[in-house]
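In the numbering used here, the protein residues as written are 139 to 252.
Positions of the beta carbon are idealized from the N, C-alpha and C atoms, including for glycine.
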Ligand SMILES: [Zn+2]
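In structure tokens, the structure reads:
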């Protein structure tokens with residue numbers, strides 16, 4: 139990976155951390171709506187609960203991904219970044235562009251069942 143590419147990835151990761159942070163805020167406000175907006179209708183209350191559990195799932199996935207991105211951001215300046223933890227080969231740049239927090243190449247991910 140060239141220093142220019144590394145710099146580009148740093149910016150990609152930065153942007154993704156920022157937009158994911160915003161997304162997490164949105165999900166958070168969907169999970170905890172302002173008081174008074176809640177409904178006393180029982181059916182609506184059940185669907186609210188169902189929606190809430192979907193939001194919770196999204197919230198968990200988003201926070202996990204945010205942690206991985208933050209980790210990648212700390213690593214992006216080190217030679218470790220972009221190297222598969224398993225086979226120690228370079229992770230293809232095309233894959234890193236899609237998933238900049240990757241720590242495994244696709245082959246190893248499949249092998250590890252991730
Ligand atoms: Zn690998």
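Short note on residue 242: C-beta closer than 7 Å to some heavy atom of ligand 1. Here residue 239 is buried: its Cβ has 16 or more other Cβ atoms, across all protein chains shown, within 10 Å. Straight across, the Cα-Cα distance linking residue 142 with residue 235 is about 14 Å. In the DSSP assignment, residue 221 forms a beta bridge with 228. Residue 197 sits close to residue 162, with the two beta carbons spaced by under 8 Å. In the same chain as residue 213, and ignoring 5 residues on each side of it, the C-beta atoms closer than 6 Å to its own belong to 219, in chain order. Counting of Cβ neighbours within 10 angstroms places residue 184 among the exposed residues, the total staying below 16. Contact check for residue 211 against residue 152 passes: the beta carbons are separated by less than 8 Å.
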